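Student:
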Amino acid sequence: SLLSEGATVAKEKLTISKFREHFPEFTEGLYPDTAVQIRLNLAYAFFNPEVWADDIVREHAICLYVAHFLKMVGSSSSGGNGIDGNALGVVNSKSVDGASVSFDVSQGSNADAGLYNTTAYGRELWDLMYLFGAGGVQL
């Protein structure tokens, strides 16, 4: 068994309200309950409790997964159009008349992380997956 001595497996699933408690920036007004619940359902399918044996770490990874994809897709106020500028990186140049903006996505990026590099939540999640050796299982 992959369960380590003293590790626990969560007895109940993370709720929307518990997720919002951990990440209060994801308010219901910006991110409807249905969007959060869809990502929670997916996270529970992806984050196997036999790999993520410690319930505290697994819950945090699930929260990061949900936060990453919600942020990447964008809030309802932005039309949920997948263009959330805050998710892309630090602005390193911009122009007004030409309406151009450039982002520095190299800060804290991992060459193998792909779309997980697009948000701080994704980068932290990628690091956790790497640390737990579960990258191939999660992707």
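In the working numbering, the protein residues as written are 8 to 146.
For glycine and all other residues, C-beta sits at the position ideal for the given N, C-alpha and C.
Treat the numbers as computed from the prediction; the structure is a model and nothing was measured.
When the Cα atoms are used, what is the spatial distance from Gln145 to Ile23?
Tutor: Reliability fails at Gln145, whose pLDDT of 47 lies under 50, so the model's placement of it is uncertain and the value that follows must be treated cautiously. Cα-Cα distance, rounded: 22 Å.
Student: Indicate the three-state DSSP secondary structure (helix, strand or coil) for Glu19 in the structure shown.
Tutor: Looking at Glu19 - three-state DSSP - the assignment turns out to be coil, as it is neither helix nor strand.
Student: Can you tell me where the alpha helix (DSSP H) with Leu77 in it begins and where it stops?
Tutor: Start and end: 62–80.
Student: Roughly how many angstroms lie between the CA atoms of Phe76 and Leu47, to the nearest whole one?
Tutor: Going from the Cα of Phe76 to the Cα of Leu47 covers about 10 Å.
Student: Could you tell me whether any non-hydrogen atom of the ligand SAH is closer than 7 Å to the CB of Leu71?
Tutor: This structure lacks the ligand SAH, and indeed carries no ligand of any kind.
Student: Which class does Tyr38 belong to by DSSP, given the choice of helix, strand or coil?
Tutor: Tyr38: coil per DSSP, three-state reduction.
Student: Would you kindly work out how many angstroms separate the C-alpha atoms of Asp62 and Leu71, rounded to a whole number?
Tutor: Cα to Cα, Asp62 sits roughly 14 Å from Leu71.
Student: Determine whether the beta carbon atoms of Ala60 and Leu132 lie at a separation below 8 Å.
Tutor: No, the pair does not count as a contact, with Cβ atoms beyond the cut-off.
Student: Using alpha carbons as the reference points, say which of Ala52, Ile45, Arg65, Thr34 lies closest to Leu138.
Tutor: The residue with the shortest Cα to Cα distance from Leu138 is Arg65.
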